[in-house]
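Read the structure below first, then the notes.
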Amino acid sequence: MTPEPRTLWARLRARLKSPRRLRFTREGKFFVGITLGVGFAAINTGNNLLYLLLGMLLALIVVSGIMSEVSLRHLTVVRRLPARAQVGRPHVVEIEVFNHKKRVPSYAIEVEDLREGLPADKRCFFLKISPRSAQVAAYRRTPSKRGRDHHTGFRIATRFPFGLFEKSREIPADGELLIYPAVDPVQLPIPVGGRSLGGETTMGRGYGEDHLGLRSMREGEDPRDIHWRKSAAMSQLVIRERAREARPDVNLSLEVRKPKGSSSEWDTQFEKRIREAASRAVAHLRRGDSVTLRTSSGPLVRATRSAGADPILRFLALVAFEETDAETEAKEAAE
């Protein structure tokens, strides 16, 4: 099977790509300018002192390149992501750098965490990493968008030893973090008569606060439930039968069908509906209700208080709209 041209081009670019990148700092530009000036002056005048000075300046550039290269060699970077994150809430990402060199430390190492499709905006700085040892640093980030956050690798850079140049190299290291939608505090209506907004409940025998009725006491039952007045009247032990504490099953719906040709305002409202659904689901689960969330296209997810809100929040983090046209909607409505 012949590989796709795009794959071949990507491989070719990867091979031709320089493993190191060199960037002049502000001081480095001045230094190179001075070096060029001294070089022109030495050539024009033939002055031995200028040649000596030029040699010293060039030697500093060579030493800078060698020492920065040594600092960047044999480094391993590991990223530690949290299990989950949420829009609007800061989370911590740990970066660990291990120096595999036997005798030489690495100095002034800066690590940028690269993310797919986004500029590198988070960096960790390591002043010194001793031989055969590791250093750990962390940065905080507050997500602004739900969904999968793809980390693609690291850019390791150093300005050691003189700060004239910044030498860097990139290390591939995939990582993924799931960003949950934001959750706002919601004031739920008080359940009336065992029912809650959008849900139903069933009655049954159990150990709740409500009473179902009276019945004869059986052996081994709790004597604290004995109804003494009724027992005296009937000349036998009678106990109160309690109702089971049953929570309502709350049903939430989410519209995911986007009419063809809709403006960006629809996308904004879609994200707002996701945030509202997440907030209501979490509020109901905290109260002890079971929650079922169903989208307009069919898929659903269910969560209980014992399972927590993770199933619903994960579902909402990954849900996407489906673009439909008027003909499709009319056909489905007819069915």
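Residue 2 is where the sequence shown starts when you use our numbering, and the numbers rise one by one after that. All residues carry an ideal CB built from backbone N, CA and C; glycine is no exception.
Quick one: what does DSSP say glycine 38 is sitting in, helix, strand or coil?
-> Along the sequence shown, one-based indexing puts residue 38 at 37. Assignment of glycine 38 by DSSP, reduced to helix, strand and coil, places it in the helix class.
Would you call alanine 284 buried or exposed, if buried means 16 or more other Cβ atoms sit within 10 Å of its Cβ?
-> Your numbering for residue 284 matches position 283 in the sequence shown. Alanine 284 should be labelled buried.
If you count every other CB in all the chains shown that lies within 10 Å of the CB of alanine 310, and 16 or more means buried, which is it?
-> Numbered from its first residue, the sequence shown carries residue 310 at position 309. Buried, because 16 or more other Cβ atoms sit within 10 Å of the Cβ of alanine 310.
To the nearest angstrom, report how far apart lysine 259 and serine 107 are at their CA atoms.
-> Walking along the sequence shown from the start, residue 259 turns up at place 258. Walking along the sequence shown from the start, residue 107 turns up at place 106. If I take the Cα positions, the gap works out to 54 Å.
Where does phenylalanine 161 land, buried or exposed, given buried means 16+ other C-beta within 10 angstroms?
-> As a working mapping, residue 161 is identified with position 160 in the sequence shown. By the neighbour-count criterion, in which a residue is buried when 16 or more other Cβ atoms sit within 10 angstroms of its Cβ, phenylalanine 161 is buried.
Compare the beta carbon distance of threonine 153 and aspartate 122 with 8 Å and say whether it is the shorter of the two.
-> For the purposes of this step, residue 153 is taken as residue 152 along the sequence shown, with counting starting at 1. For the purposes of this step, residue 122 is taken as residue 121 along the sequence shown, with counting starting at 1. In this structure, aspartate 122 does not lie closer than 8 Å to threonine 153 by Cβ.
Nearest CA to the CA of serine 280: which residue from Pro182, Gln270 and Ala42?
-> Position 279 of the sequence shown, counted from the start, is the residue given in the question as residue 280. The option with the nearest alpha carbon to serine 280 is Pro182.
Proximal residues to leucine 23 (C-beta, below 7 Å), its chain only, five neighbours per side dropped = In the sequence shown, the residue the question calls residue 23 occupies position 22. Non-local C-beta neighbours of leucine 23 in its own chain, meaning closer than 7 Å and more than five positions away in sequence, comprise Phe166 and Lys168, ordered along the chain.
Please classify arginine 21: is it buried, with 16 or more other beta-carbons within 10 angstroms of its beta-carbon, or exposed?
-> One-based indexing of the sequence shown puts residue 21 at position 20. So arginine 21 ends up on the exposed side.
Classify serine 297 as helix, strand or coil using the three-state DSSP reduction.
-> For this step, residue 297 is matched to residue 296 along the sequence shown. In the displayed model, serine 297 falls within coil according to three-state DSSP, outside both helix and strand.
State the DSSP-derived secondary structure class of alanine 174, mapped to helix, strand or coil.
-> Within the sequence shown, residue 174 is the residue found at index 173, counting from 1. In the structure shown, alanine 174 sits in a strand (DSSP, three-state: E or B).
Classify aspartate 226 as helix, strand or coil using the three-state DSSP reduction.
-> Reading the sequence shown from its first residue, position 225 is the one you call residue 226. Looking at aspartate 226 - three-state DSSP - the assignment turns out to be helix.
Could you pull out every residue in the same chain whose Cβ sits closer than 8 Å to the Cβ of tyrosine 140, ignoring the five residues on either side in sequence?
-> Along the sequence shown, read from residue 1 onward, the residue named residue 140 stands at position 139. Result list for tyrosine 140: Val93, Val94, Ile96, Asp114, Lys123, Arg124 and Cys125, in chain order.
Considering serine 264, what are the terminal residues of the alpha helix (DSSP H) in which it resides?
-> The sequence position of residue 264 within the sequence shown is 263, counting from 1. It is not in any alpha helix (DSSP H) - serine 264 carries neither H nor E in the DSSP assignment.
Smallest Cα separation from aspartate 290: which of Ala109, Lys30 and Thr305?
-> The count along the sequence shown starts at 1 and reaches residue 290 at position 289. That would be Thr305, whose Cα lies nearest to the Cα of aspartate 290.
Do leucine 189 and leucine 253 have their C-beta atoms within less than 8 Å of each other?
-> Here residue 189 corresponds to residue number 188 of the sequence shown, with the count starting at 1. Here residue 253 corresponds to residue number 252 of the sequence shown, with the count starting at 1. Using a Cβ distance threshold of 8 Å, leucine 189 and leucine 253 do not count as a contacting pair.
With which residues is leucine 253 paired in a DSSP beta bridge?
-> Sequence index remark: in the sequence shown, residue 253 carries index 252 (1-based). Per DSSP, the beta bridge partners of leucine 253 are Leu294.
Inter-residue spacing [alpha-carbon to alpha-carbon] between phenylalanine 322 and leucine 301 | Your numbering for residue 322 matches position 321 in the sequence shown. Your numbering for residue 301 matches position 300 in the sequence shown. The C-alpha of phenylalanine 322 lies about 14 Å from the C-alpha of leucine 301.
Leucine 76 (DSSP reduced to helix, strand or coil) | Residue 76 sits at position 75 when you count from the first residue of the sequence shown. Look at leucine 76 here: in three-state DSSP terms it is strand.
Beta bridge counterpart(s) of isoleucine 180 as assigned by DSSP | One-based indexing of the sequence shown puts residue 180 at position 179. Beta-bridge partners assigned by DSSP to isoleucine 180: Ala86 and Gly148.
Please report how far the alpha carbon of phenylalanine 184 lies from the alpha carbon of serine 69, in whole angstroms.
-> Position 183 of the sequence shown, counted from the start, is the residue given in the question as residue 184. Position 68 of the sequence shown, counted from the start, is the residue given in the question as residue 69. At residue 184 the sequence reads valine, which differs from the phenylalanine that was named. If you take the alpha carbons of valine 184 and serine 69, they lie about 47 Å apart.
Reference proline 132, options Arg156, Leu314, Thr36 and Phe99, closest by Cα | Numbered from its first residue, the sequence shown carries residue 132 at position 131. Measuring from the Cα of proline 132, the nearest candidate turns out to be Phe99.
Within 10 angstroms of the Cβ of serine 134, are there 16 or more other Cβ atoms? Answer buried if so, exposed if not.
-> To locate residue 134, count along the sequence shown from 1; it is residue 133. If you draw a 10 Å sphere on the C-beta of serine 134, you find fewer than 16 other C-beta atoms in it, and that means exposed.
Could you tell me if glutamine 270 is buried or exposed, where buried requires 16 or more neighbouring beta carbons within 10 angstroms of its beta carbon?
-> Position 269 of the sequence shown, counted from the start, is the residue given in the question as residue 270. Around the beta carbon of glutamine 270, a 10 Å sphere encloses fewer than 16 other beta carbons of the protein chains shown; the residue is thus reported as exposed.
Hey, quick one: how far does the beta strand (DSSP E) through arginine 142 stretch, first residue to last?
-> Translated into the one-based positions of the sequence shown, residue 142 becomes position 141. The continuous beta strand (DSSP E) containing arginine 142 extends over residues 134-142.
How would you label valine 320, buried or exposed, when you count the other beta carbons within 10 angstroms and need 16 or more for buried?
-> The residue given as residue 320 occupies position 319 in the sequence shown. So valine 320 ends up on the buried side.
Residue of Glu222, Lys231 and Pro224 minimising C-alpha distance to leucine 215 | Here residue 215 corresponds to residue number 214 of the sequence shown, with the count starting at 1. It is Lys231 whose Cα lies nearest to the Cα of leucine 215.
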